[in-house]
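Under the numbering used here, the first residue of the sequence shown carries the number 1166, and numbering increases by one thereafter.
Backbone N, C-alpha and C define an ideal beta-carbon position, used for all residues, glycine too.
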Amino acid sequence: MRMEEHPRNVEVDWAKTEWQHIRTRLSDKILIIELNRPKQRNAWTEIMRNEIIEAVDTANRDPQVRVLIFTGNPDGKAFCAGRDLNGMPGGGVMPGDMAPGRNGQIQYGRDGGGQASLAIVRSLKPCIAAITGPAVGIGATLTLPMDFRVAAENAKMGFVFGKRGLTMEGASSFFFLA
């Protein structure tokens, strides 16, 4: 997509925006982006990744939005339980790591969590993680590029990659040290 295809400023009715795996609402110029898969403890999916990228990119152009707060649906009893390894096409493998409408170079593959992290870090508006309950894997690394992280008393952060012999995703090896 080329920039001229998108108007610079858009006003969105965030409460009426239809999402599959997130929920959004705007209150007093604060956009709340809620990971919304409570039966799966708000586990991460490719759909959720694409919706987060779209929500962040759109919020950057919405003058009604001054700050973004990310949280998990409280009924899920977790901020995000990590990537959903059940019910994925092809088992635990996400079929595409390129968000719809984005051009990329195949030789420079980017993990899905990394794409969401880059959307957050390029946000012109402050991003805050309101961590309620466990945040594991991508649920933990998603918070790293945010400007602030606020954790509830019952919050637990789980960077479990090393225990499983995996490299960290979500550009977290960069943001962990930043």
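Counting only runs of 3+ residues fully inside the region 1274 to 1331, write out the beta strand (DSSP E) ranges in chain order.
1292 to 1296, 1299 to 1301, 1313 to 1316 and 1321 to 1323, all fully within the region 1274 to 1331.
State the DSSP-derived secondary structure class of residue 1189, mapped to helix, strand or coil.
Residue state, collapsed to three classes: strand.
Go ahead and pull the three-state DSSP assignment for residue 1209.
Here residue 1209 sits in strand by DSSP.
Measuring only the C-alpha atoms, how far is residue 1241 from residue 1175?
Cα-Cα distance, rounded: 32 Å.
At which residues does the beta strand (DSSP E) containing residue 1235 begin and terminate?
Start and end: 1232 to 1237.
Nearest to residue 1235 by alpha carbon, out of 1287, 1245, 1227 and 1337?
Nearest C-alpha to residue 1235: 1245.
Find out if the Cβ-Cβ distance for the pair residue 1312, residue 1299 is shorter than 7 Å.
Result no, Cβ atoms of residue 1312 and residue 1299 do not sit closer than 7 Å.
Let me confirm a value: residue 1185 is counted as buried when at least 16 other C-beta atoms fall within 10 Å, else exposed. Which label applies?
So residue 1185 counts as exposed.
Give me the residue from 1194, 1321 and 1279 with the minimum Cα distance to residue 1339.
Here the closest residue by C-alpha is 1279.
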